[in-house]
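Residue numbers (the working numbering), protein chains in the order written: chain L, 1 to 275; chain V, 1001 to 1275.
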């Protein structure tokens, strides 16, 4: 069927996925929610026109977002996921037997409800008694100092509209204030080739907040440019995560090699961050 | 300007770049050649509708294709580039002061002429007295046993039409036969998420031909899925390349970290290759 979904996050690039079925569409109080069945990539979540995840390639994003900080900590007890209403990061976080509570602070209750209905692989995670869903603005929630958390993952949309505040030095400060002393956080932090100025600015802010900030990059074929980066925030180096065993369950992307490799940055970008 | 170039290599995915100017278009005896100025990515070469390189992001591809095998060898004297009529791989190869001859075996003389005219950054490489351009089919050329070469880079288009033969066990055998005993070769080898079956098949063939086959992956934002892989063929392990100094000149992508990281494969794909 020659029906195509078109995504355009940057003014210079569009990505099209071939659509087999429009599964669900609605306008929630916060955003446009679209669930598609696409050729090859399978079921796909789109928010405000931007691809959030596909069945085929989401494992790299979610495993690397959750396990990189969680393995630094080793045996996390309390975790926070900012955004993440699709439940995919939650599935990864719940793999830690040490975990006692994970708060998911998602603005849009409809994202949670829609994904529970249409993404069965992530749906049952919400039934775990360790999960606490808070449907409100993460900025306001963090200002109330709900920490300490051992692990924080900011699984945000892109810096447009309301989410723009989630790409600020102040948001990073709130994240770091909510971390336990040996905790580790990561925030979704865009694409080195396309967003170098924003990333460099946030990296500078991170340097003022923690002892071991770092930037890492994960291949995700359906994201613009084929991948996405994360800002790592901790007073412990990410290399500590290489010493700890993986939680029970299968990895599709993460292994000791990809864990280390994610922090290897192209020379032009390494120089930009170090300068 | 709302003019877009659309690429579709796979049935399920399209990539669009915003066009600022159509610089050159022609149909050569072998293929359609298109040179565009695109927003953000700059000057772009398109062959038979498929993006070959952009000014902005080609360094990762060419540095990693040339230096990974060349650094294994250390001080290569004789090299072969299969395809590569744009001259970008040639620029990287010529950085080795040890190099005495580099043969570029490119089928389509028009690609060389068009790129010399419109890609000034790569054009002057052809004036180097060490370069020998042979405009003919690489398969036929290799059957005449023109080796030994210390380094071979198969900078091919995708396995469609005439280039399909360049993704066969027989082509890999011809490459390996043309290598000097301590030489190293790489062949362009597609995308792990999209082309796992083809890659696995070629990797199996490589295992029967050399002691240290390997697969590595490089981020290239304008390629479908945001990157491309290479099959490494040598009786010396790629890690040997980490011991040798870089040739004179600047790297935009390669550093010791990205060199190593390229060989770190997502767990699902590592398993597929090992099984």
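Where a beta carbon is used, it is the ideal one built from N, C-alpha and C, also for glycine.
Query, Result
"Let me know the secondary structure DSSP gives residue 990 (chain V) once reduced to three states.", "Absent from the model: residue 990 (chain V). The displayed extent of chain V is 1001 to 1275, so no value can be given."
"Of the residues L:55, L:147, L:268 and L:39, which one's Cα is nearest the Cα of residue 121 (chain L)?", "L:55"
"So if I threshold CB-CB distances at 9 Å, which residues from the region 1009 to 1025 of chain V count as touching chain L?", "1010, 1011, 1012, 1013, 1014, 1015, 1016, 1017 and 1018"
"Beta carbon of residue 257 (chain L): closer than 7 Å to some heavy atom of the ligand PLP?", "The ligand PLP is absent from the structure shown, which contains no ligands of any kind."
"Based on Cα-Cα distance, which residue from L:203, L:221, L:196 and L:234 lies nearest to residue 211 (chain L)?", "L:234"
"If we cut at 8 Å on Cβ distances, does residue 1193 (chain V) have a partner in chain L?", "yes"
"Does the region 32 to 40 of chain L come into contact with the region 1016 to 1035 of chain V, if we say contact requires no fewer than three beta-carbon pairs (one atom in each stretch) closer than 8 Å?", "no"
"Less than 7 Å between C-beta atoms, sequence neighbours within five positions excluded: which residues of the same chain meet that for residue 167 (chain L)?", "159, 198 and 202"
"Near residue 1137 (chain V), what residues of its chain come up, given a Cβ to Cβ distance below 6 Å and the 5 sequence neighbours on each side ignored?", "1107"
"If I'm right that residue 182 (chain L) touches residue 66 (chain L) with Cβ under 8 Å, what's the distance once you round it to whole angstroms?", "Incorrect: roughly 17 Å between the Cβ atoms, too far for contact."
"If you measure from the beta carbon of residue 1253 (chain V) to each beta carbon in chain L, is any gap under 8 Å?", "yes"
"Could you tell me the boundaries of the beta strand (DSSP E) in which residue 202 (chain L) lies?", "Here residue 202 (chain L) belongs to no beta strand (DSSP E); instead the alpha helix (DSSP H) covers 196 to 207."
"DSSP three-state call for residue 1181 (chain V): helix, strand or coil?", "strand"
"Give the residues of chain V in contact with residue 238 (chain L), contact being defined as C-beta atoms less than 9 Å apart.", "Residues of chain V passing the Cβ test: none, with the nearest at roughly 13 Å."
"Is there a Cβ of chain V sitting closer than 8 Å to that of residue 44 (chain L), yes or no?", "no"
"Just to make sure I have the definition right: I need the residues of chain L whose C-beta is within less than 8 Å of the C-beta of residue 1268 (chain V). Which are they?", "59, 252 and 253"
"Scan the region 194 to 209 of chain L for residues whose Cβ lies nearer than 7 Å to a Cβ of chain V and list them as they occur along the chain.", "none"
"Could you work out which residue in L:254, L:83, L:245 and L:237 is closest to residue 96 (chain L) when comparing CA atoms only?", "L:245"
"How would you call residue 2 (chain L), buried or exposed, if buried means at least 16 neighbouring beta carbons within 10 angstroms?", "exposed"
"For residue 157 (chain L), which of L:61, L:264 and L:21 has the nearest alpha-carbon?", "L:61"
"Relative to chain L, which residues along the region 1049 to 1074 of chain V have a C-beta separation below 8 Å, given in chain order?", "1056, 1057, 1059 and 1060"
"When Cβ atoms are compared, which residues of the region 1219 to 1235 of chain V fall closer than 7 Å to chain L?", "1219, 1221, 1225, 1226 and 1227"
"Would you say residue 257 (chain L) reaches chain V, if we count a Cβ-Cβ gap shorter than 8 Å as a contact?", "yes"
"Determine the extent of the alpha helix (DSSP H) in which residue 1060 (chain V) is found, giving its start and end residues.", "1058 to 1073"
"Just how far apart, CA to CA, sit residue 185 (chain L) and residue 232 (chain L)?", "6 Å"
"How would you list, in chain order, the residues of chain V whose beta-carbon sits under 9 Å from the beta-carbon of residue 264 (chain L)?", "1255, 1256, 1257, 1258, 1259, 1260, 1261, 1262 and 1264"
"Smallest Cα separation from residue 1215 (chain V): which of V:1193, V:1265 and V:1169?", "V:1265"
"Can you give me, in chain order, the residues of the region 1152 to 1175 of chain V that have a beta carbon less than 9 Å from any beta carbon in chain L?", "none"
"Bridge partners for residue 1052 (chain V) per DSSP, in chain order?", "Looking at the DSSP assignment, residue 1052 (chain V) forms no beta bridge with any residue, so it has no partner."
"Should residue 1272 (chain V) be flagged as near chain L, meaning a C-beta pair shorter than 8 Å?", "no"
"Are residue 98 (chain L) and residue 123 (chain L) closer than 8 Å when you measure CB to CB?", "no"
"With DSSP as the reference, please indicate the residues paired to residue 1215 (chain V) in a beta bridge.", "V:1231"
"Please tell me whether residue 1039 (chain V) has its Cβ less than 8 Å away from any Cβ of chain L.", "yes"
"Distance cutoff 8 Å, beta carbons only. Does residue 4 (chain L) sit that close to anything in chain V?", "yes"
"Where does residue 99 (chain L) fall in DSSP's three states?", "coil"
"Suppose the cutoff is 8 Å on Cβ atoms and the five residues either side in sequence are ignored; what does the same chain contact list for residue 1224 (chain V) look like?", "1007, 1009, 1010, 1013, 1015, 1191 and 1194"
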